[in-house]
Structures are given as structure tokens and as C-alpha cells.
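Residue numbers (numbering that gives the first Met the number 0): 0 to 77.
Note that the Cβ used here is the ideal one computed from N, Cα and C, for glycine as well.
Worksheet for the structure shown next.
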Amino acid sequence: MQDFETIAVFNYTHEIVILKHRLDQEGIHYYFENEATVSIVPFYSNALGGIKLKIHRNDFETVKIILDELNGSNLNIV
Numbered sequence: 000m001q002d003f004e005t006i007a008v009f010n011y012t013h014e015i016v017i018l019k020h021r022l023d024q025e026g027i028h029y030y031f032e033n034e035a036t037v038s039i040v041p042f043y044s045n046a047l048g049g050i051k052l053k054i055h056r057n058d059f060e061t062v063k064i065i066l067d068e069l070n071g072s073n074l075n076i077v
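Below, the structure is given as C-alpha cells:
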């Protein structure tokens, strides 16, 4: 986990659902820090600094492209 870096931060668990599917489709190794806690107690999101998407640094460019695609879509989840 030392080679994993934060690339994006989200406030609510519903914001990461589609992103998870896209990352899985691409075979990217990732995890969301604080996801379980925020899903149980949503008000902790601000206190914990949000739900942090952690990815391996080798996947940085690929994930950046995916995030840009989702930002440009009508979904407006990220």
C-alpha cells in the first residue's frame, strides 16, 4: 500500500459507484479509504477528509483519463 496515492476525494458513497465499475473493467488496483465509515455514518465524511480514491502510481494516467471522462459526462458524479 506504500505505492498507492490519493488521486481523488469524494464526499458520499453514491458518488463512487460508477467509478468502481469503470476501474474494475480496466483491471486497475485501487481502494477507497474511509468508504466503510462514511457509508455507516455519512456525517463523518468531512471529519475524515472524505472518501479517498487510492491507486497505484503506475495507474495514475489511466485513472486520470477515466476521471476526466466521468467529469465530462452528464453523470456529474465526480
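Which stretch, first to last residue, makes up the beta strand (DSSP E) that contains residue 11?
Element bounds for residue 11: n/a, residue is neither H nor E.
Could you give the residue range of the alpha helix (DSSP H) that holds residue 27?
Careful: residue 27 lies outside any alpha helix (DSSP H) and carries neither H nor E.
As assigned by DSSP and simplified to three states, the class of residue 59
Judged by DSSP in its simplified three-state form, residue 59 adopts helix.
Whole-angstrom distance between residue 43 and residue 65, CA atom to CA atom
In a straight line, the C-alpha of residue 65 is about 27 angstroms away from that of residue 43.
Compare the C-alpha of residue 62 against each of 36, 32 and 25 and name the closest.
The option with the nearest alpha carbon to residue 62 is 25.
Expressed to the nearest angstrom, what Euclidean distance is found between the alpha-carbon atoms of residue 14 and residue 60?
Looking at the backbone, the Cα of residue 14 and that of residue 60 are separated by about 21 angstroms.
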